[in-house]
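K.L.:
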Amino acid sequence: MKSLALRNTILLSITAALLLSLGSCEAPVAEKDPGVASVEAPVSAVTPVSTADNLFTVRYEAAYSFNPITGTSPDNMALVPLMYEGLFVLNEKMEAETVLCEEYETSDGISYTFKLKSGIAMRDGSTLTASDVRYTLMKAMQEGRFSGRLTVIDTITAVDALTLKITLKSANRKLPELLDVPIIKDNTGDQNYPPGSGPYYFEKTGVARLVAFNNYRDAVRMPVSVIYLKDCSTAELSMAFSSQAVDLFRDDPADSSEISILSDHEIRYYKTTILQYVGFNTKNSLLANADLRRALGLIIDREKIVSDIYSSHALATPLVLSPHYRFYDPAWENSSPDPLTKLSEIFASLEMDDADSNGYLEIPNGSGGWTPITLTFIVNSDNPYKVQAAQMITDTLKTVGIDVNLTKYSWDNYKTALENGSFDMYYGDVCLPASYDLTELLSPGGSLDYGHAGNGEYQSRIEKFLAASTRDGETDAAKKMCAYIAEYAPIIPVLYRELNVHTNKNVVSGMKPTQSNIFYGLTGWEITLG
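Residue numbers (the numbering used here): 367 to 896.
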């Protein structure tokens, strides 16, 4: 009777929560331009007097390198596309568009041949060669921010001046999506400002600035001839931006360093492949049960996390692929028509009961007694948004009788706990490659498989998805991969992040930032100053 009563209480609790959630939903208000959010200055704020200087200025960090391979400053790396180009660039749908690559071919998804565009001018006076590309990719494989995605590569060969051959370790038809790596001149990888082929170059003398590269093939279509750079701390940024000493800066809205803007401005959000999820330690005998893991996923209110914590600037996702994935079909989600009943059935099948009537479930210990279920849920305390999301999930689990101890760790301690397996659940995030390769998360021994949930079947589904050679084949493989991972729930996807770019009001038009390049489509920009 206790079990039935508890299940009825659970159903009533969740139903009430769902009704409150549904009751608070309002239809979104359409904007004139869905790509731009205009933000007015706070009513109580004293807006600084405009000091427009007719200079287009962006934020950077003077103490850090502009080396596009080994650089570590997020602000400087956001400016890299102004000075460097890749074989490809990714559009807003994460699809690869050719830049330095003229064409490519592959018959098996393992061996690729790339033909480079001829006559591409480099800043040092030379022209682009296959040796430059080979050197850059080899450097990027060894160190820096692209090394993780390029582990799929086996060999790289410069066949001739304009032909490059890349051989992979296994079939991957999405290699072009990985090759937006900025190309630098051969043997310049240790320089802070290696020569590139982009529309601007860093001027090392005088005022910090990027100057239009006259030999760039589209030089006449650049919106300004000089882009000025301003070094300012996060504390200084608000005033610099509000006074128009800075006209543009990138931002992670979930960064722990909150920026308060005191002037009217515009924000453009863009989709990313940053996945936030709940991971499980499958060495915990209870969490080794896929049914229970899946049940816990049923009650996470992703939409509420997105709306309440991320102000709707994220994409709730019940599947491992983003709803922004080019072939995504909402029908894949196959949500349970009655998740409450399903949850109750799973709890009953595991003989979970509130044996001591304390409001939390226990499980039989095999000796006629009961063992309390208490799960340690860890989260990185450095990011308040992740903490809030983890807290919301914790509160939800407690309402259905799962006792959860949310433990907040600094980054170093959080990472140590993950590596040592000192957790039952963790709130994690990962920036997946644009190919949505989940290998490191879900393959046996994957570098991000902290909960030891990975197995050969997940890996097989991932490999089939990556190797699919047609749209129908990829769509089918994606659907099956999502369905299998959802069924066995090695992780519970929560959301995909959005990042943004701030500009002063009416300064920039035609801007369509992407994860690959916040200056995507720069030749279509119009910059109005003064």
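Yeah, the Cβ is synthetic: ideal placement off N, Cα and C, and Gly gets one too.
Within 10 Å of its beta-carbon, does glutamate 864 have 16 or more other beta-carbons around it, so buried, or fewer, so exposed?
P.N.:
buried
K.L.:
Would leucine 772 and alanine 756 qualify as a contact pair, given that the criterion is a beta-carbon distance under 7 Å?
P.N.:
yes
K.L.:
For phenylalanine 789, name the three-state secondary structure that DSSP assigns.
P.N.:
coil
K.L.:
Taking the continuous beta strand (DSSP E) assigned at serine 477, which residues delimit it?
P.N.:
477-482
K.L.:
Starting from histidine 868, follow its DSSP beta bridges and name the residues at the other end.
P.N.:
For histidine 868, which the question treats as bridged, DSSP gives the partners Phe615, Ile633.
K.L.:
Kindly indicate the opening and closing residues of the alpha helix (DSSP H) around lysine 774.
P.N.:
Premise fails: lysine 774 lies in the beta strand (DSSP E), 769-775, not in any alpha helix (DSSP H).
K.L.:
Along the chain, which unbroken stretches of the beta strand (DSSP E) at least 3 residues long are found entirely within the region 790-852?
P.N.:
Taken in chain order, the unbroken stretches of beta strand (DSSP E) that lie wholly in the region 790-852 and span 3 residues or more are 791-797.
K.L.:
Let me make sure I understand the geometry here. Which of Glu728, Tyr751, Phe480, Gly817 has the alpha-carbon closest to that of lysine 649?
P.N.:
Gly817
K.L.:
Counting only runs that start and end within the region 623-699, where is the alpha helix (DSSP H) found for 4 or more residues in a row?
P.N.:
Fully enclosed alpha helix (DSSP H) runs of 4 or longer: 656-664.
K.L.:
Return helix, strand or coil for leucine 763, following the three-state DSSP convention.
P.N.:
helix
K.L.:
Measuring alpha carbon to alpha carbon, tell me which of Leu727, Thr880, Ser723, Ile476 ends up nearest alanine 714.
P.N.:
Leu727
K.L.:
How is serine 609 classed by DSSP in three states: helix, strand or coil?
P.N.:
In the displayed model, serine 609 falls within coil according to three-state DSSP, outside both helix and strand.
K.L.:
For threonine 894, report the span of its alpha helix (DSSP H) as first-last.
P.N.:
Neither: threonine 894 is in no alpha helix (DSSP H) and is coded neither H nor E.
K.L.:
Is the CB-CB distance between aspartate 584 and threonine 841 below 7 Å?
P.N.:
Cβ atoms of aspartate 584 and threonine 841: not closer than 7 Å.
K.L.:
Leaving out five residues before and five after methionine 443 in sequence, what residues of the same chain have Cβ atoms less than 8 Å from its Cβ?
P.N.:
Pro434, Gly437, Arg511
K.L.:
I need the boundaries of the beta strand (DSSP E) containing asparagine 746, first residue and last residue.
P.N.:
740-746
K.L.:
Less than 7 Å between the beta carbons of tyrosine 643 and glycine 794, yes or no?
P.N.:
yes
K.L.:
Can you list, in chain order, the residues of its chain with a C-beta nearer than 8 Å to that of glutamate 345? Leave out the 5 residues immediately preceding and following it.
P.N.:
The displayed coordinates of the chain run from 367 to 896. Any statement about residue 345 would go beyond what the structure contains.
K.L.:
At what residues does the beta strand (DSSP E) containing isoleucine 593 begin and finish?
P.N.:
592-597
K.L.:
Tell me which same chain residues have a C-beta within less than 7 Å of the C-beta of valine 455, skipping the five on either side of it?
P.N.:
Glu463, Val465, Asp546, Ser882, Asn883, Tyr886
K.L.:
Report yes if the C-beta distance between leucine 448 and tyrosine 566 is below 7 Å; otherwise report no.
P.N.:
yes
K.L.:
Suppose the cutoff is 8 Å on Cβ atoms and the five residues either side in sequence are ignored; what does the same chain contact list for glycine 811 look like?
P.N.:
Gly820
K.L.:
Under the assumption that alanine 783 contacts threonine 639 (Cβ atoms under 8 Å), give the Cβ distance between them as a whole number of angstroms.
P.N.:
Wrong, their Cβ atoms sit about 25 Å apart, outside the cutoff.
K.L.:
Here's a check: name, in chain order, each residue in its chain whose Cβ is nearer than 6 Å to the Cβ of isoleucine 666, leaving out the five neighbours to either side.
P.N.:
The answer, listed in chain order, is Ile759.
K.L.:
Using a threshold of 6 Å, is the CB atom of asparagine 442 nearer than that to any non-hydrogen atom of the ligand ATP?
P.N.:
Only the bare structure without any ligand can be found here, which leaves the ligand ATP out of the picture.
K.L.:
Pick helix, strand or coil for isoleucine 363, following the three-state DSSP scheme.
P.N.:
Residue 363 cannot be examined here, being either before or after the span of the chain that is shown, 367 to 896.
K.L.:
Cutting at 6 Å between CB atoms, please list the residues of its own chain near serine 477, excluding the five before and the five after it.
P.N.:
Thr533
K.L.:
Aspartate 498 lies in the alpha helix (DSSP H); which residues open and close that run?
P.N.:
496-508
K.L.:
Between Tyr594, Phe579, Lys596, which lies nearest to methionine 588 when the distance is taken from Cα to Cα?
P.N.:
Phe579
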